[in-house]
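Each remark here refers to the structure printed beneath this line.
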Amino acid sequence: MIQRMKMKQIWIAFIAALLFSGSVAAQGNYIKHTVEKGETITQIAKKYKVTPYDIYKLNPDAQNGVQEKAVLLIPSKSLKKQDAKPEVIEASSKVANKVHVVEPKETFYSISKKYKVSVEDLKKVNADANRDGLKIGQELIIPLNGTAVADKKEVKKEPKKEVKEVKDEAPKSGKYLYHIVKPQETKYSIAKEYGMSLQQLEELNPEVKDTLPVGFNLKLDKKAAVEKEKEVAKVEVASTTEGLKEYEVQPKETIYSLSKTFGIEEDKLIALNPELRDGLKIGMIIKVPASVAEVAKKDKEYKDLTTKITNKDKKEMVLLLPFNISKIEDDSENSIQDRLKTNKFLNMTLDFYSGALMAIDSMKKLNGNVNIRIFDSKETKTGSDVPNIIKSNNFSNTDVVVGPFFQSNVEVTAALLEKNDIPVVSPMSKESGKMYSNLFQSMPAPEYVKKAMLDFLKSKNDNVFTIIDSKRGSSKQFINSNYSGMRFLEPDAKGLVAPESIRGMLVKDKTNYIVLETERGATILDVTNTLLKEMENYTIKLVLLEKTEAYDFDEISSSRLMKLNLHYPSLSKDNDSPAVNNFFKEYKRQNNVFPNQYAVRGFDVTFDVLVRLSQRNKFEETVESTATEQIESKYKYSKNPSGGYSNKGVYILYYDTDLTVKEAK
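FYI, in mature numbering (1 follows the signal peptide of the UniProt record, and there is no 0) the residues of the sequence shown are -26 to -1, 1 to 639.
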């Protein structure tokens, strides 16, 4: 621990020197305030005519209190508003949502009672506040009915005027169509329905860029809708013999694998071939849409791209990492050593950076020709210095940007660089946010991880059923959406499942995969006890869609899970290849400690980008054609319908009876 801390202190000093010129570039966006004795955040906010929330956004540590002589950043743009203008709030020109300014000691519950809305609805329309916690001075949108939220315009706070809700009327002339937003609809679902991109929808309706109120009249592109109708018509024509192609079923193929090969949904494949309802047989001749078959792609192969590195053309990669050096330099109360003891985010950043440096060094040894630029993104959950970095520096020769860390900041980066067609790789976030054409999510989102497990089960063509808590409605819905025909069992009020109920779901001539969706210890113990007894008569494997801490308790022994061949999805796996062992040894030699998960992550994502940049093809082309595997992670990108790319490289692991964890095939 001491050795790691000393190394990080050296890194901070090095980074501060390296980034000094960049670290002061953004000071025009804020001013510094030194806290005087007895001052509070509220008093400081009043002094500069900002809200406490404005200060917390730039100084997240201030939420824990401020000390005398501490330096705070105050948004300088607020200083332009010192002339006496009426205070404004955000409200709607179409739907009258109220706005509430958070007072000291208020909670979601107390605010919901005040406005007679549910806590759940209040949190839904104030996602940032729900994620980060309530802040004094923060403005909350009060849902009108359900979770309907108004589009935003500035209006005077006083006097309050009632604004009528939009009526279900839609103009029907000109080059536009109109659509009344219904409950449960999203911008993406509406855009898809009318053959538009999300960006086109938002450009025509800037009022709904942040929120989509129920009852809002959306303006739509009539031309795109007509083209969509033509596409639908083409699909219908595919049901005729002219639009079909014959295919002979090969050994080991399943309905699921065929649907993936030919890019068609299982139910549509069965509709074209009703005989499939009686089962799939080797040599069977089936029909598939010819137009779909022509563009259907085989699963990407995993390749070692290091064997094809070229240094003919010089490339450039930019790293945007949240060192937050200026905060460290301005902190007169805490030493660097003190910060390293308490600041988890700083430690994570430095660990990631150490891995990235190893990746850069590895590429040099492979004779890669990539220029590296590193900037301090100075980020928190609510903002970063990225806009200023992009504005103040030349990105015309940049081929790929890696970072920043927080999803909201990555999206801002992608939006700013989208017009220049510069790929932006999100290195750490698992969130599925707004999709930009140039955004590459390197961390598989939780829904992709769970879906990978379900896809694995479908490919096996065995007996599968799920034991699920009655309260896990969303999980049940997800399973039904991704595994048609799934059968379910629910525990009773005590969390128990009758052995005869489980026995009635088992079959003897196939492997039985039992998906267990619960975190209740009583249910886990009860179900696994029953399954262990039934293993004498049946082939049984226990399955999790997500491995949680609930399975790490002493009562649930590893031997129990190994006997049941526990299967689960994972973003990483242990790798004992010679190359990986060399990496761990070299890292320890340079840093005096073995790498943790963030250091390995820093190496994997950085090295993967560097190797892809060093190919004859463009970065995007390698992403579309080739999957890769690094120290602990897979990179198997897939293009999203709404834009951008998501990594769907997930390992399916299982506990083997020899007390090891292996990858399932």
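Idealized CB from N, CA, C, for every residue including glycine.
* Report the three-state DSSP secondary structure of residue 458 (helix, strand or coil). => coil
* Is it the case that the Cβ atoms of residue 618 and residue 402 are separated by a distance below 8 Å? -> no
* Which whole runs of the alpha helix (DSSP H) in the stretch 312 to 340 are 4 residues long or more, in chain order? -> 318 to 339
* Determine the direct distance from the alpha carbon of residue 355 to that of residue 325, and round the result to whole angstroms. => 19 Å
* **Pairwise C-alpha distance: residue 236 and residue 488** => 29 Å
* First and last residue of the uninterrupted alpha helix (DSSP H) at residue 621 -> Where residue 621 is concerned, there is no enclosing alpha helix (DSSP H), although the beta strand (DSSP E) it sits in stretches over 619 to 621.
* Asked: Rounded to a whole number of angstroms, what is the C-alpha to C-alpha distance between residue 115 and residue 104?
  -> 12 Å
* Would you say residue 263 and residue 353 are within 8 Å of each other, going by their C-beta atoms? -> no
* Asked: Mapping DSSP to helix, strand and coil, what is residue 41?
  -> coil
* Asked: How about residue 481 and residue 490: do their beta carbons lie closer than 8 Å?
  -> no
* Asked: Between residue 423 and residue 400, which are expected to be in contact by the criterion C-beta below 8 Å, what is the C-beta distance as a whole number of angstroms?
  -> So it is not a contact: roughly 16 Å between Cβ atoms.
* To do: Please state if the CB of residue 440 and the CB of residue 414 are separated by a distance shorter than 8 Å.
  => no
* To do: Determine the closest residue to residue 521 out of 510, 629 and 475, with distance taken between C-alpha atoms.
  => 629
* **Residues of its chain near residue 534, where Cβ-Cβ distance is below 8 Å and the 5 sequence neighbours each way are ignored** => 502 and 506
* To do: Tell me whether residue 425 counts as near the ligand MG, meaning its Cβ is closer than 7 Å to at least one heavy atom of that ligand.
  => Annotation note on the ligand MG: not contained in the displayed structure, which lists no ligands.
* Please classify residue 368: does DSSP put it in a helix, a strand, or coil? => coil
* For residue 581, the first and last residue of its enclosing alpha helix (DSSP H) -> 571 to 587
* Closest by CA to residue 299, which one among 320, 389 and 282? -> 320
* **Distance CB(residue 12)-CB(residue 328) smaller than 8 Å** => no
* **Inter-residue Cα distance where the pair is residue 437 and residue 388** => 44 Å
* For my contact list, residue 341 and residue 283 are in at a C-beta cut-off of 8 Å; report their separation, rounded to the angstrom. => 7 Å
* Nearest candidate by alpha-carbon position, reference residue 608, set 621, 294 and 596 -> 621
* Can you tell which of 596, 592 and 614 has its C-alpha closest to the C-alpha of residue 289? -> 592
* Endpoints, the beta strand (DSSP E) within which residue 295 is located -> 289 to 295
* To do: Grab me the residues of residue 149's own chain with a C-beta within less than 6 Å of its C-beta, minus the 5 sequence neighbours each way, in chain order.
  => 196
* Asked: Quick one: what's got a C-beta closer than 8 Å to residue 468's C-beta in the same chain, skipping five residues either side?
  -> 496
* DSSP state of residue 603 mapped onto helix, strand, coil -> strand
* Cβ distance (whole Å) where residue 598 is taken to contact residue 613 below 8 Å -> 7 Å
* Asked: Which whole-angstrom value is the C-beta distance of residue 96 and residue 117, which I expect to be below 8 Å?
  -> 7 Å
* Exposed or buried, what is residue 544 when buried is set at 16 or more other beta-carbons lying within 10 Å of its beta-carbon? -> buried
* Asked: Between residue 640 and residue 256, which are expected to be in contact by the criterion C-beta below 8 Å, what is the C-beta distance as a whole number of angstroms?
  -> A question about residue 640 goes unanswered here, because the residues of the chain that appear run from -26 up to 639.
* To do: Could you tell me which residues DSSP puts in a beta bridge with residue 6?
  => 47
* Asked: How is the alpha helix (DSSP H) around residue 564 delimited, first residue to last?
  -> 552 to 565
* Asked: Can you pull the DSSP bridge partners for residue 517?
  -> 489 and 541
* Which of the three DSSP states, helix, strand or coil, is assigned to residue 624? -> coil
* For residue 1, does the count of other Cβ atoms within 10 angstroms reach 16, so buried, or fall short, so exposed? -> Here residue 1 scores only 43 on pLDDT, less than 50, and its place in the model is too uncertain to base an answer on.
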